[in-house]
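Each remark here refers to the structure printed beneath this line.
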Amino acid sequence: MIPSVEIVLARPLQHLADQGLLEFQLVLMGDARLGEVVAEFDLLLLMRCCQPEAVALVEKARASGVSVIYAIDDDFEALDPESPLGAHYKAIGAWENLLKICSKSSQVWAFSEALRQKIVKVQPHCVVPVAIANFELIDGLVSAILPDDRTAKAERKVIGYAASTYHSVDIEMIAPVLERLLAERPKLELEFVHVRCESLAAHPRVTHFGSLPSVRELYGFVLSRNWDVGLAPLMRSAANDAKTDNKYREYGSLNIPAVYSDAPPYWGSVIHEYNGAIASDAQGWYASLCNLLDDSALASSIARHAREDVERRYSIEVVASRYFGLMGAAMSVPCRILVLAADIPTTDIDVVRPYSRLEAEGAIVFRVMTADSVSPEDMAWAQLLVVVRDVTADAIRVAQDARERFVIPVIFSWDDDFFAMPSSFGELSDYYHAPTTIAALKEMLTKADLVKASTARLAARSREYSRNVVQIPYGFDFSQLAGVTPRHREESTVTIGFFGSFSHVRALDIVLSALKRVSVAAPHVRFQFFGPQSDELTALQNVRFIPYNHSSTESLRDLAALGWDIGLAPLEDNEFNRAKLPTKYRDYGACHIAGVYSKLDPFEAVVMEGQTGLLVDNTEEAWFEAIMSLVTDATKRRNMAAAAHAHVRAELSLDQAVEAWRGLLASFFADESDSKAAVTYKRKLQALESRVERLTSQIEGLKRASRILLSERTRPLGRSFGDRIRRRFLRMVPRWEGLPVACPGADIAAFAAQASCDDQVIPIASINLSANLQHVAFLEYPIHPLPVAGTIVQVALAATVPSLDGVFGLEIVNHADEIVFHATQSIAHINPNLIAEFNVGKLQVGQSNWRLRFFVRGSESPVFLYQWQDGAVKGGRRVLFRIAEE
8 MIPSVEIVLA
18 RPLQHLADQG
28 LLEFQLVLMG
38 DARLGEVVAE
48 FDLLLLMRCC
58 QPEAVALVEK
68 ARASGVSVIY
78 AIDDDFEALD
88 PESPLGAHYK
98 AIGAWENLLK
108 ICSKSSQVWA
118 FSEALRQKIV
128 KVQPHCVVPV
138 AIANFELIDG
148 LVSAILPDDR
158 TAKAERKVIG
168 YAASTYHSVD
178 IEMIAPVLER
188 LLAERPKLEL
198 EFVHVRCESL
208 AAHPRVTHFG
218 SLPSVRELYG
228 FVLSRNWDVG
238 LAPLMRSAAN
248 DAKTDNKYRE
258 YGSLNIPAVY
268 SDAPPYWGSV
278 IHEYNGAIAS
288 DAQGWYASLC
298 NLLDDSALAS
308 SIARHAREDV
318 ERRYSIEVVA
328 SRYFGLMGAA
338 MSVPCRILVL
348 AADIPTTDID
358 VVRPYSRLEA
368 EGAIVFRVMT
378 ADSVSPEDMA
388 WAQLLVVVRD
398 VTADAIRVAQ
408 DARERFVIPV
418 IFSWDDDFFA
428 MPSSFGELSD
438 YYHAPTTIAA
448 LKEMLTKADL
458 VKASTARLAA
468 RSREYSRNVV
478 QIPYGFDFSQ
488 LAGVTPRHRE
498 ESTVTIGFFG
508 SFSHVRALDI
518 VLSALKRVSV
528 AAPHVRFQFF
538 GPQSDELTAL
548 QNVRFIPYNH
558 SSTESLRDLA
568 ALGWDIGLAP
578 LEDNEFNRAK
588 LPTKYRDYGA
598 CHIAGVYSKL
608 DPFEAVVMEG
618 QTGLLVDNTE
628 EAWFEAIMSL
638 VTDATKRRNM
648 AAAAHAHVRA
658 ELSLDQAVEA
668 WRGLLASFFA
678 DESDSKAAVT
688 YKRKLQALES
698 RVERLTSQIE
708 GLKRASRILL
718 SERTRPLGRS
728 FGDRIRRRFL
738 RMVPRWEGLP
748 VACPGADIAA
758 FAAQASCDDQ
768 VIPIASINLS
778 ANLQHVAFLE
788 YPIHPLPVAG
798 TIVQVALAAT
808 VPSLDGVFGL
818 EIVNHADEIV
828 FHATQSIAHI
838 NPNLIAEFNV
848 GKLQVGQSNW
858 RLRFFVRGSE
868 SPVFLYQWQD
878 GAVKGGRRVL
888 FRIAEE
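In our numbering, the protein residues as written are 8 to 893.
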C-alpha cells in the first residue's frame with residue numbers, strides 16, 4: 008500500500024468504521040474479484056487508479072447504480088515523460104484514463120486547487136478535500152522511541168529531509184546552500200531518508216538512509232533522529248504546483264520547525280516565521296536556516312504554532328467528518344434550494360460561496376432570485392426556501408406560498424438587527440422603522456421553520472419570535488486572494504489603514520483625535536483610508552484615500568495588495584453594532600494585518616487580546632496607546648498579524664461555514680419522509696444494508712401488501728392479489744435479487760414498437776430490467792429532442808407489489824446539469840399496465856447531453872425500468888419510453 012492510500016484513505020475510513028458509521032473493504036486494483044462484487048457496494052472509492060481496467064470498473068459500477076468517488080493527489084499529465092515515473096504513466100495513458108474515470112464518477116477529490124481546475128472541465132462535482140495529519144499515530148510512537156544519546160553533543164545540530172527519490176532534484180536545488188552551512192558550521196549534520204543528494208554524498212557529515220517499509224516506521228525513525236530543522240524544497244513546475252502540503256502536515260505533527268519553498272502547496276498553510284519559514288531563493292534559504300539553527304526560541308515557537316494548526320485543521324476527527332459529508336453528497340440526490348436575496352455582498356458571503364461548494368460536491372442545487380421574480384414553476388421545483396434578509400411584501404408572499412401551497416420549509420437568514428437600526432442611516436433607517444416593515448420582519452421570524460442568525464446577540468433576538476434558531480457565522484473565502492502579492496513592508500515606514508465604505512465616516516470620528524496624536528508622535532506613519540473621506544481625515548499628514556469598490560472581492564484583493572501594517576476597526580457602541588459580525592477582524596486577519604478593535608461584542612467574541620489583535624475602549628487615550636504600541640514594535644505587529652491570519656484560516660474560513668450549512672441542511676431534513684426528492688447522506692451511509700436485510704424488508708412488505716389487497720375497502724376492482732403477485736413479483740425481479748428474469752411479454756413488445764428511438768427497431772432480446780430504483784439515488788439515460796408542445800412522456804415500469812406506498816419521479820436534466828422538469832406520482836395510482844405518464848408541457852429539449860432521470864422514494868418493494876442496449880449512446884443503454892401528444 009502506497010503512503011497516499013494509507014494516509015489519505017485507509018486511516019479516515021477506519022476511523023469512521025470504528026464509530027460504526029460505515030463498513031469498507033480495501034482492495035487492490037488488480038484483484039480479479041472486483042468486477043464481480045462491485046455491484047454489492049453502495050460506494051466505490053478509487054484513488055490514483057488510472058489503468059484501462061479502472062475505467063471499465065467505474066463503468067460497471069455506474070451501470071449497477073453504484074456511486075463512484077475518484078481521488079487523486081498528483082498531476083500525472085505534468086510529470087516529465089523522460090523520467091521513469093513519467094514514462095510509466097505516459098505508457099499506460101494515465102491522464103487520458105484519469106479524465107475518463109473522472110467524467111463518469113459521481114464526485115472527484117482533487118487534493119490541490121491546481122488539480123481541481125484541470126479536472127472540473129470534465130467533472131463539475133470536483134472538490135478539494137482536507138488532507139490528514141498523522142499526529143495521533145505520531146503521538147503513539149513518541150513514548151516508544153528512544154532518541155539517540157546526544158547529551159554529550161549538546162551543540163550538534165541536525166537538518167533532515169525524508170522523501171522519495173523523485174524529489175532528488177528538489178534537494179539538489181538547495182545543495183549549494185547546505186554545502187555553505189556545512190562549511191561554516193562544523194557541528195552541523197545533514198540526514199536524508201530514501202532521497203539522495205548526490206552533490207553532498209561524499210561529505211563526512213551527510214548521512215543517507217534507505218527507504219522505510221511503512222509510514223509508521225518512517226515516522227518512528229524520524230522521531231528517533233531528533234532533527235532540529237526539517238527541509239521542504241520544491242522546484243516550481245506544473246506537477247509540483249499540484250501537490251499537497253504533506254510536508255507541512257508531517258513536520259507540524261512531528262514538532263519539527265521547517266523551511267519550505269515558496270510554492271503553491273504551502274501558500275495556504277505556512278505563515279513565514281510563525282508556523283514555518285518560506286524561502287524563494289538561495290539567500291532566503293540560507294537566512295531562514297540560520298535563523299532556525301541559531302534562534303531556539305523562534306524554532307520552538309514555529310514548531311508549537313505548526314502543531315496547533317495541524318491539530319485544528321488536519322486531525323483524524325476533522326478529516327473523517329469531512330469525508331463522511333462528501334461521501335454522503337456523492338450518494339444522495341441533490342437538495343433543490345431556492346434562495347430569495349438581493350445582489351448584495353451578504354448574499355455572496357452567506358449563501359453563494361458556501362452553496363457553490365456544496366453544489367460542487369453534488370449535495371445541493373440552488374437558484375438565487377429576487378422575490379418579485381419567483382414563478383410557480385420555481386416554487387414547484389424547490390424543496391427548500393431560504394430567505395436572506397428580505398422582508399418585502401413579495402418575500403412574505405413567497406414564504407407564505409412555500410409553506411401553504413407548496414408545503415416546503417422556509418429558512419430565514421439575517422445578519423443585522425433591523426429592530427435596532429440607528430436613525431443615522433437615512434432612508435434605510437426610515438424603511439426599517441416603518442410599522443409595516445417591523446410587522447413583516449416579525450411575521451418572517453415567527454413563521455419561518457428555522458431562523459439562521461449570524462451572531463449570538465442576533466440569535467437571542469431571533470428567539471424572541473422563533474423557537475427554532477441556529478447561529479452560524481460567515482466564513483472568509485481565501486480563494487478571493489489567490490495570486491495577490493502584498494506590497495513589501497518597509498522598515499522605515501508604518502502604514503495604518505481603515506477598510507470600509509463611504510458610510511463609515513462616523514465610525515472614524517471615534518479615533519480621529521488619536522490619529523492626530525499618532526501623526527505627531529510618529530512622523531514616519533502613513534495613513535490610508537479605503538472608502539471614507541472627510542476634511543478632518545484629509546488634514547492628517549501622509550494621508551491617501553482609496554476609492555470605494557462595489558465589488559467585495561476586488562476590494563479585498565486591493566486590501567491584501569496594500570500590505571498595511573495596522574488596521575483600524577472602530578465601532579460605535581449601540582445595540583445595532585453589538586449584534587454585528589466581526590467582519591473587519593476576518594478581513595484584516597486574512598490579509599496579514601495587525602488590528603486594533605473597539606471593545607464591543609463582535610470583536611470580543613473572536614479577538615484573543617494581545618495575541619490576534621488589540622481590544623480598546625472607545626476613548627482617545629486607549630486608541631492612541633494601542634496604536635502606538637504597534638507602531639513602535641515591528642515584531643509585535645508581525646506576530647499579531649500572523650496569529651490572526653492563522654486563527655481566521657483555522658476557525659473563521661469558508662470551510663467552517665460550508666460544514667455548518669451542511670450540518671444544518673442534513674439535520675433539517677433528517678425527519679423528512681422519503682417522498683422528498685432529497686435522500687440525505689446520513690441514511691445512505693448509516694443504512695448500508697446487507698442483502699439479507701433487504702430481502703427481509705421485501706418479505707415484510709409483501710405481507711403488508713397482502714393485507715391491504717385483501718381488504719374490501721382498498722382492493723382494486725378486477726386486480727386480484729394472486730394475479731398481481733404472479734405477474735409482478737415472480738416475473739419481474741432481477742437475478743441479483745435471487746429470482747430469474749422473465750423475457751419481456753407481449754405488452755412490452757407492443758410498447759417497444761412505439762418507443763422513441765430515432766426510428767430504430769428495438770430488438771426485443773436486448774430489453775432487460777434496470778437496477779432496483781429502491782437502492783439507488785436515481786438512474787439517468789440519454790435522450791434526443793422531444794416535440795416542442797403538449798408532450799406526454801410515457802415510461803414502462805416493473806414493480807413487485809405496485810399497490811404499496813411510494814412515489815415514482817421523472818426529472819429532465821439539460822446539458823448544464825440544470826433540472827428543467829421535475830414531477831412525481833404515486834406508484835399505487837399508476838395505471839394497471841404500469842405505464843407512468845408525465846406531461847412535460849412546452850419544454851424544448853436540446854440536441855446533446857440531455858438526460859431523463861428517474862427515481863423512487865418510499866417504496867417498500869422493488870421498482871425497475873425497462874432498458875435496452877444501444878451502443879450508439881454514452882453508457883450503452885437507453886430507457887424504454889415513448890412520446891404521446893396531449
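We treat Cβ as the ideally placed atom computed from N, Cα and C, and that holds for glycine.
Self-check item: Stretch pair the segment 176 to 185 + the segment 236 to 252: three plus CB contacts closer than 8 Å
Solution: yes
Self-check item: Secondary structure of TRP421, DSSP reduced to three states
Solution: Taking the sequence shown and counting its residues from 1, the one referred to as residue 421 is at position 414. In the structure shown, TRP421 sits in a strand (DSSP, three-state: E or B).
Quiz item: Going along the chain, which unbroken runs of the alpha helix (DSSP H) with 4 or more residues stay wholly within the segment 207 to 244?
Solution: With a minimum length of 4 residues, the continuous alpha helix (DSSP H) runs that stay inside the segment 207 to 244 are 222 to 232.
Quiz prompt | Check whether PHE419 and LEU29 have beta carbons under 9 Å apart | solution = Taking the sequence shown and counting its residues from 1, one reaches residue 419 at position 412. Taking the sequence shown and counting its residues from 1, one reaches residue 29 at position 22. The answer is no: Cβ separation not under 9 Å.
Exercise. Would you kindly work out how many angstroms separate the C-alpha atoms of ARG524 and PHE631, rounded to a whole number?
Key: Taking the sequence shown and counting its residues from 1, one reaches residue 524 at position 517. Taking the sequence shown and counting its residues from 1, one reaches residue 631 at position 624. Going by the C-alpha atoms only, they are around 7 Å apart.
Quiz item: Can you tell me the Cα-Cα spacing of SER328 and VAL213, whole angstroms?
Solution: Here residue 328 corresponds to residue number 321 of the sequence shown, with the count starting at 1. Here residue 213 corresponds to residue number 206 of the sequence shown, with the count starting at 1. Between SER328 and VAL213, the C-alpha separation is close to 42 Å.
Exercise. Could you give the DSSP three-state label for HIS822: helix, strand or coil?
Key: As a position in the sequence shown, residue 822 is number 815, starting the count at 1. Reduced to three states, the DSSP call for HIS822 is coil.
Quiz item: Thinking C-beta only, is VAL512 closer than 9 Å to GLN548?
Solution: Sequence index remark: in the sequence shown, residue 548 carries index 541 (1-based). Sequence index remark: in the sequence shown, residue 512 carries index 505 (1-based). Cβ atoms of GLN548 and VAL512: not closer than 9 Å.
Self-check item: Three-way DSSP call (helix, strand, coil) for LYS254 in this model
Solution: Along the sequence shown, one-based indexing puts residue 254 at 247. Residue state, collapsed to three classes: helix.
Practice problem: Round the Cβ separation of LEU7 and LEU872 to the nearest angstrom and send it over; I've been treating them as touching at under 8 Å. | Solution: Within the shown structure, residues of the chain are numbered from 8 to 893, placing residue 7 beyond reach of any answer.
Quiz item: ASP829: which of ASN233, GLY848, TYR77, GLU450 sits nearest, CA to CA?
Solution: Locating residue 829 in the sequence shown gives position 822, where the first residue counts as 1. Note on residue identity: the sequence assigns His, not Asp, to residue 829. Nearest option by C-alpha distance: GLY848.
Quiz prompt | With 16 other Cβ atoms within 10 Å as the buried cut-off, status of THR798 | solution = Position 791 of the sequence shown holds residue 798. With 16 or more Cβ atoms within 10 Å of its Cβ, THR798 is classed as buried.
Quiz prompt | C-alpha distance - LEU189 paired with LEU207, whole-angstrom precision | solution = One-based indexing of the sequence shown puts residue 189 at position 182. One-based indexing of the sequence shown puts residue 207 at position 200. Whole-angstrom Cα-Cα distance: 10 Å.
Quiz item: ARG885 by DSSP, collapsed to three states: which one?
Solution: Position 878 of the sequence shown, counted from the start, is the residue given in the question as residue 885. Correct three-state label for ARG885: strand.
Quiz item: Buried or exposed: which applies to GLU84, given that a residue is buried once 16 or more other Cβ atoms fall within 10 Å of its Cβ?
Solution: Along the sequence shown, one-based indexing puts residue 84 at 77. Looking at its Cβ environment, which holds 16 or more other Cβ atoms inside 10 Å, GLU84 is buried.
Practice problem: Could you please give me the residues that DSSP links to ASN282 through a beta bridge? | Solution: Position 275 of the sequence shown, counting from 1, holds the residue named residue 282. None, per the DSSP bridge assignment.
Exercise. Could you check the C-alpha separation between ALA529 and ALA455 for me, to the nearest Å?
Key: As a first step, residue 529 is located in the sequence shown; it is residue number 522 there, counting from the start. As a first step, residue 455 is located in the sequence shown; it is residue number 448 there, counting from the start. Rounded to whole angstroms, ALA529 to ALA455 spans 54 Å at the Cα level.
Exercise. Report, in whole angstroms, the separation of the C-beta atoms of ILE415 and LEU392, which I expect to be a contact under 8 Å.
Key: Position 408 of the sequence shown, counted from the first residue, corresponds to residue 415. Position 385 of the sequence shown, counted from the first residue, corresponds to residue 392. Right, the Cβ-Cβ distance comes to about 6 Å (below 8 Å), so this counts as a contact.
Self-check item: Opposing strand residues paired with LEU195 [DSSP bridges]
Solution: Here residue 195 refers to the residue found at position 188 when the sequence shown is read from its first residue. According to DSSP, which records beta bridges pairwise, LEU195 is partnered with LYS164.
Quiz item: Mind pulling the alpha helix (DSSP H) runs of 4 or more residues that sit fully within the segment 38 to 79?
Solution: Every unbroken stretch of the alpha helix (DSSP H) spanning 4 or more residues and falling wholly within the segment 38 to 79 is given here in chain order: 41 to 44, 59 to 70.
Quiz item: Near VAL476, what residues of its chain come up, given a Cβ to Cβ distance below 7 Å and the 5 sequence neighbours on each side ignored?
Solution: By 1-based counting over the sequence shown, the position of residue 476 is 469. These residues qualify, in order along the chain: VAL458, ALA460, ALA466, SER469, ARG470.
Quiz prompt | From ALA514, ASP484, THR502, residue whose alpha carbon lies closest to that of GLU561 | solution = Residue numbering aside, residue 561 sits at position 554 when the sequence shown is read from its first letter. For GLU561, the nearest C-alpha among the options comes from ASP484.
Self-check item: Touch test, the segment 53 to 60 against the segment 101 to 113, Cβ-Cβ under 8 Å, three pairs minimum
Solution: yes
Quiz item: Given a threshold of 16 other Cβ atoms within 10 Å of its Cβ, counted over all protein chains shown, does VAL768 qualify as buried or as exposed?
Solution: Residue numbering aside, residue 768 sits at position 761 when the sequence shown is read from its first letter. VAL768 sits exposed, since fewer than 16 C-beta atoms from the chains shown fall within 10 Å of its C-beta.
Quiz item: Given a threshold of 16 other Cβ atoms within 10 Å of its Cβ, counted over all protein chains shown, does ILE351 qualify as buried or as exposed?
Solution: Position 344 of the sequence shown, counted from the start, is the residue given in the question as residue 351. ILE351 is exposed by the Cβ-count criterion.
Quiz item: Can you tell me whether DSSP reads GLN21 as helix, strand or coil?
Solution: Taking the first residue of the sequence shown as 1, we reach residue 21 at position 14. If DSSP states are grouped into helix, strand and coil, GLN21 belongs with the helices.
Practice problem: Could you check which residue in SER287, THR399, VAL532 has the C-alpha nearest to that of VAL501? | Solution: Position 494 of the sequence shown holds residue 501. It is VAL532.
Quiz item: Among residues of its own chain, excluding the 5 on either side of ILE356, which ones have a beta-carbon nearer than 7 Å to its beta-carbon?
Solution: Mapped onto the sequence shown, residue 356 falls at position 349. The answer, listed in chain order, is TYR481.
Quiz item: In whole angstroms, what is the alpha-carbon distance linking VAL44 and ASP302?
Solution: Along the sequence shown, read from residue 1 onward, the residue named residue 44 stands at position 37. Along the sequence shown, read from residue 1 onward, the residue named residue 302 stands at position 295. CA-CA distance, VAL44 to ASP302, rounds to 58 Å.
Exercise. In the DSSP assignment, find the beta strand (DSSP E) that holds ALA576 and state where it starts and stops.
Key: If you number the sequence shown from 1, residue 576 lands on position 569. First-last of the beta strand (DSSP E) with ALA576: 573 to 576.
Quiz item: Within this structure, are the beta carbons of GLN894 and LEU563 separated by less than 9 Å?
Solution: This structure cannot settle anything about residue 894, because the visible part of the chain is limited to 8 through 893.
Quiz item: Can you tell me whether DSSP reads TRP388 as helix, strand or coil?
Solution: Working through the sequence shown from its first residue, we reach residue 388 at position 381. The answer is helix: DSSP assigns TRP388 an H, G or I state.
Self-check item: Spatially closest choice to GLU896 from ARG864, ASP25, ARG656, LEU637, by CA coordinates
Solution: This structure leaves residue 896 out entirely; the chain is present only between 8 and 893.
Quiz item: What span of residues does the alpha helix (DSSP H) with ALA567 cover, start to end?
Solution: Sequence index remark: in the sequence shown, residue 567 carries index 560 (1-based). ALA567 -> alpha helix (DSSP H) spans 559 to 569.
Quiz item: Is ASN779 helix, strand or coil by DSSP?
Solution: Counted from its first residue, the sequence shown places residue 779 at position 772. Correct three-state label for ASN779: coil.
Practice problem: Could you tell me which residues DSSP puts in a beta bridge with GLN801? | Solution: If you number the sequence shown from 1, residue 801 lands on position 794. In DSSP, GLN801 forms a bridge with GLU844, ARG889.
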